[in-house]
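**Q** Numbering (this note's numbering), first residue to last: 4 to 516.
No residue lacks a Cβ here, since even glycine has one placed at the ideal position from N, Cα and C.
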Amino acid sequence: MIEMAKKTKLDKVMEVSIRRGFVFPTAEIYGGFAGVYDFGPIGSLLKEKLLKLWTDMFVKSEIDPPVFMVDGAVVLPFPVLKASGHVDHFVDPVVECKDCKEEVRADHLIEEETGQFVEGLDEMELTKIIRDNSINCPSCGGELADVKVFNLMLGTHVGSKRSIAYMRPETAQIMFLDFKRTATSMRQKLPFGIAQIGKSMRNEVSPRKGLIRLREFGQMEIEMFVNPDRINEHPGFEEKENIKLRLLTREEQKKEDTKILEIIAKEAYEKEILPNKFMAYYLALETLFYTKVGIPWEKFRFRHMLPEETPHYSGGNWDLEIELEGGVIEIVGNAYRRDYDLGNHGKHSGVDLSIEDNGKRLIAHVVEPSFGVERSIYCVLEHCFRDKGYDRDWVWFQFPRAIAPIDVEVYPLMKKDGLDTYAWEMYKELKISGFNVLYDDRGSIGRRYARADEIGCPFCITCDYETLREDTVTIRDRDTMNQIRVKAKEVIDILGKLFKEEIKFEEAGELIS
Ligand code: GAP
């Protein structure tokens, strides 16, 4: 008998995500396009809510230092990426099978086959490990050629002279290029931040795992520009200093049984575990953000990158990693980039990028938190996913209300007797009031509730025969499946309070047994 391969959580999450309009494989009707996904109608709303929350927390509510949003170009000229180091150093090691010609990431293959951590080794060292361990092609078992390096940027040619340009591999470069203009146009002194949300592109050798390794993906990045002499003066730090962080230090990574250090941001900074106060501030804010979007606190940690993983110019890199069923993945890169970027762009462009602070001209240092949009969304999907049999006969998403793509669905019990007209009017009213609403009059009410659960909709309103008699409707709560009956004219007010978590669901109306 052929045994069916057990579906992983990733398989299940991707299946429901594609079926219910969260994501669609790009160019699916032509067989797809590896490493690229579109957000569908439901996924676009989820993304919009996640980005809005990020913007509110990391940009709009930042008082001192302020953070300014920019929206820069996706295609950049050769000199920018030469100066940034991407032309020469943004490479991955690949190895080709001599038989089937398949190419794979050499470092990933070695790590999978031997468990050896090979970050930072060059092509010759990697080739030697492949030979010493008799590693063959993972697809056909054929012999592998020598390891080569492969630049990850997607290049293009622009204008009639076809000058070399690249699709940006990170949004960050725009913020360095716009530093001087932002400082002068916004009349800013240090410290201040520049943020951006946008697309980045990398020609990943083996895009895989759904939304996790893509060739086109979103980033939410902040470059915080600071006077290096004042990197431990953050006016807003006190507000966040008691947030408890989960840290994986370098010492612990050397041990077999690694332990997470649970420590408040203030202490992590004071004990010099973290390189500076700005870094401690961002780790605390990220902890708040990811718990708000539905990732349990104990499922993520900040890992101090090992020396071989850390760029030579860095004053310390701490990655936020989230535990998934298939392993741990990096979601946010936090880097103390010092003056590397502004220094290089100043040198290569010939433009003075120094700034005056405290009576002294200096090149600002940079602390950079860099978030992946799709990876964050995938982690939210996996952590909010409830499998069939968890507590009901269908899969569902337990999104926090603040990021649920659809806030509320409205149904008539039957498509007749004026119930449909009543429900349609309520649907319109809710839409006008700014809720993300869907109207559904197809299938049994039970099926409609199950469909709403599949997209993680927190509340469903049903108009039934009592509605016509009493002007009341029922509201169903996704998490408990409890229902309350409320006055129709109070629905908007009640939903508003439920979303602000000002009232408990069971106390918002008459509980229906
Ligand atoms: N400016 C710094 C920078 O780009 P990075 O660690 O290369 O740092 C930051 O990228 C984040 O972008 C990662 O933590 C990840 O969430 C996301 N990211 C990077 N490469 C990705 C890929 N191929 N597919 C999806 N997300 C990716």
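1) Residues bridged to Asn337 by DSSP?
2) Confirm the yes/no value for this check: CB of Ser87, any heavy atom of the ligand HEM, distance under 7 Å.
3) Tell me whether the beta-carbon of Val94 lies closer than 8 Å to the beta-carbon of Phe179.
4) Which residue from Ile234, Glu265 and Lys257 puts its Cα closest to that of Leu250?
5) Please report the distance separating the alpha-carbon of Gln486 from that of Leu514.
6) Report yes if the C-beta of Gln199 is less than 7 Å from at least one heavy atom of the ligand GAP; otherwise report no.
7) I'd like the list of long-range same chain contacts for Arg233, defined as Cβ closer than 8 Å, with 5 residues on each side in sequence excluded.
8) Could you compute how far the alpha carbon of Arg488 sits from the alpha carbon of Pro210?
9) Measuring CA to CA, which of Glu324, Met170 and Pro82 is closest to Leu248?
10) Look at Asp443 and Glu412 and say whether their C-beta atoms are less than 8 Å apart.
11) Assign Ser20 to one of two classes, buried (16 or more other C-beta atoms within 10 Å of its C-beta) or exposed (fewer than that).
12) Is it right to say Cys387 is buried, meaning 16 or more other beta carbons lie within 10 angstroms of its own, or is it exposed?
13) For His160, count neighbouring Cβ atoms within 10 angstroms of its own Cβ and tell me buried if that reaches 16, exposed if not.
14) Indicate whether Gly201 and Gln176 have their beta-carbon atoms separated by less than 8 Å.
15) For my contact list, Glu432 and Ile497 are in at a C-beta cut-off of 8 Å; report their separation, rounded to the angstrom.
16) Kindly identify the DSSP beta-bridge partner or partners of Leu441.
17) Report back the beta-carbon spacing between Phe462 and Ile478 to the nearest angstrom; my notes put them in contact at under 8 Å.
18) According to DSSP, is Trp399 helix, strand or coil?
19) Name the DSSP bridge partner or partners of Ala168?
20) Out of Ala367, Thr483, Tyr425 and Glu504, point me to the one whose CA is closest to Glu469's CA.
21) Are the region 137-148 and the region 95-107 touching, with three or more C-beta to C-beta distances below 8 Å?
22) Is Ser317 a contact residue of the ligand GAP, with contact defined as CB to any heavy atom under 7 Å?
23) Among Gly392, Leu79, Trp399 and Gly446, which residue has its Cα nearest to the Cα of Tyr414?
24) Return yes when the C-beta of Leu384 is under 7 Å from any heavy atom of the ligand GAP, and no when it is not.
25) Following a CB-centred definition, is Arg171 positioned closer than 7 Å to any heavy atom of the ligand GAP?
26) If we count the other Cβ atoms within 10 Å of its Cβ and call it buried at 16 or more, is Lys52 buried or exposed?
27) Using CA atoms only, rank isn't needed, just tell me which of Phe228, Tyr393, Pro44 and Asn235 is closest to Arg22.
28) Measuring alpha carbon to alpha carbon, tell me which residue in Lys500, Leu356 and Met484 is nearest Thr187.
29) Identify, in the order they occur along the chain, each residue of the same chain with its Cβ nearer than 8 Å to the Cβ of Glu255, setting aside the five sequence neighbours on each side.
30) Which term fits Met484, buried or exposed, when burial requires 16 or more other beta carbons within 10 angstroms of its beta carbon?
31) Helix, strand or coil, according to DSSP, for Tyr452 in the structure here?
32) Can the beta-carbon of Leu49 be found closer than 8 Å to that of Pro314?
33) Indicate the three-state DSSP secondary structure (helix, strand or coil) for Gln176 in the structure shown.
34) Assuming contact is defined by CB atoms lying nearer than 8 Å, are His307 and Arg341 in contact in what I supplied?
35) For Pro172 and Arg190, what's the separation of their Cα atoms in angstroms?
36) For Ser379 and Val354, I'd like the C-alpha separation in whole angstroms.
**A** Here's the rundown:
1) The residue given as residue 337 occupies position 334 in the sequence shown. DSSP output for Asn337 lists Trp321 and Pro372 as bridge partner(s).
2) The ligand HEM is absent from the structure shown, which contains only the ligand GAP.
3) Numbered from its first residue, the sequence shown carries residue 94 at position 91. Numbered from its first residue, the sequence shown carries residue 179 at position 176. Cβ atoms of Val94 and Phe179: not closer than 8 Å.
4) Here residue 250 refers to the residue found at position 247 of the sequence shown. Of the candidates Ile234, Glu265 and Lys257, the one whose C-alpha sits nearest the C-alpha of Leu250 is Glu265.
5) Looking up residue 486 in the sequence shown gives position 483. Looking up residue 514 in the sequence shown gives position 511. So the alpha carbons of these two residues sit roughly 6 Å apart.
6) The count along the sequence shown starts at 1 and reaches residue 199 at position 196. For Gln199, the shortest separation between its Cβ and any heavy atom of the ligand GAP does not lie below 7 Å.
7) Looking up residue 233 in the sequence shown gives position 230. Taken in chain order, the residues that qualify are Leu193, Pro194, Asp360 and Asn361.
8) As a working mapping, residue 488 is identified with position 485 in the sequence shown. As a working mapping, residue 210 is identified with position 207 in the sequence shown. Roughly 49 Å between the two C-alpha positions.
9) As a position in the sequence shown, residue 248 is number 245, starting the count at 1. Among Glu324, Met170 and Pro82, the Cα nearest to that of Leu248 belongs to Glu324.
10) Position 440 of the sequence shown, counted from the first residue, corresponds to residue 443. Position 409 of the sequence shown, counted from the first residue, corresponds to residue 412. Contact: yes.
11) For the purposes of this step, residue 20 is taken as the residue at position 17 of the sequence shown. When all chains shown are included, Ser20 counts as buried.
12) Residue numbering aside, residue 387 sits at position 384 when the sequence shown is read from its first letter. That one is buried.
13) Position 157 of the sequence shown holds residue 160. Under this definition His160 is an exposed residue.
14) Translated into positions along the sequence shown, residue 201 becomes position 198. Translated into positions along the sequence shown, residue 176 becomes position 173. No; because the gap between Cβ atoms is not below 8 Å, this pair is not in contact.
15) Taking the sequence shown and counting its residues from 1, one reaches residue 432 at position 429. Taking the sequence shown and counting its residues from 1, one reaches residue 497 at position 494. About 13 Å separates the two Cβ atoms, so there is no contact after all.
16) Residue numbering aside, residue 441 sits at position 438 when the sequence shown is read from its first letter. Beta-bridge partners of Leu441 (DSSP): Glu412.
17) On the sequence shown, residue 462 is found 459 positions in, with the first residue counted as 1. On the sequence shown, residue 478 is found 475 positions in, with the first residue counted as 1. Rounded, the Cβ-Cβ distance is 5 Å, consistent with contact.
18) Locating residue 399 in the sequence shown gives position 396, counting from the first residue. In the three-state scheme derived from DSSP, where H, G and I count as helix and E and B as strand, Trp399 is classed as strand.
19) Taking the sequence shown and counting its residues from 1, one reaches residue 168 at position 165. Answer is Pro80 and Thr159.
20) Within the sequence shown, numbered from 1, the residue matching residue 469 stands at position 466. Comparing Cα positions, the closest option is Tyr425.
21) yes
22) Along the sequence shown, read from residue 1 onward, the residue named residue 317 stands at position 314. Taking the Cβ of Ser317 as the reference point, every heavy atom of the ligand GAP lies at 7 Å or farther away.
23) To locate residue 414, count along the sequence shown from 1; it is residue 411. Checking every option, the nearest Cα to that of Tyr414 belongs to Gly446.
24) The residue labelled residue 384 in the question sits at position 381 within the sequence shown. Answer for Leu384: no, Cβ out of range of the ligand GAP.
25) One-based indexing of the sequence shown puts residue 171 at position 168. False, no ligand heavy atom lies under 7 Å from that Cβ.
26) Counting from one through the sequence shown, the residue named residue 52 turns up at place 49. Burial call: buried.
27) Taking the first residue of the sequence shown as position 1, residue 22 is located at position 19. Considering only alpha carbons, the answer is Pro44.
28) In the sequence shown, the residue the question calls residue 187 occupies position 184. Looking at the Cα atoms, Leu356 is the closest of the given residues.
29) What you label residue 255 is simply residue 252 of the sequence shown in a count that begins at 1. Around Glu255: Thr261, Lys262, Ile263 and Leu264.
30) Start at 1 with the first residue of the sequence shown, and residue 484 comes out as number 481. Classification for Met484: exposed.
31) Against the sequence shown, residue 452 aligns to sequence position 449. Note: Tyr452 maps to helix in three-state DSSP.
32) Position 46 of the sequence shown holds residue 49. Position 311 of the sequence shown holds residue 314. No.
33) As a working note, residue 176 is residue 173 in the sequence shown. Of the three classes helix, strand and coil, the one that applies to Gln176 here is helix, per DSSP.
34) Working through the sequence shown from its first residue, we reach residue 307 at position 304. Working through the sequence shown from its first residue, we reach residue 341 at position 338. No, the pair does not count as a contact, with Cβ atoms beyond the cut-off.
35) In the sequence shown, residue 172 corresponds to position 169, counting from 1. In the sequence shown, residue 190 corresponds to position 187, counting from 1. Each residue's alpha carbon lies about 29 Å from the other.
36) Counted from its first residue, the sequence shown places residue 379 at position 376. Counted from its first residue, the sequence shown places residue 354 at position 351. Going by the C-alpha atoms only, they are around 37 Å apart.
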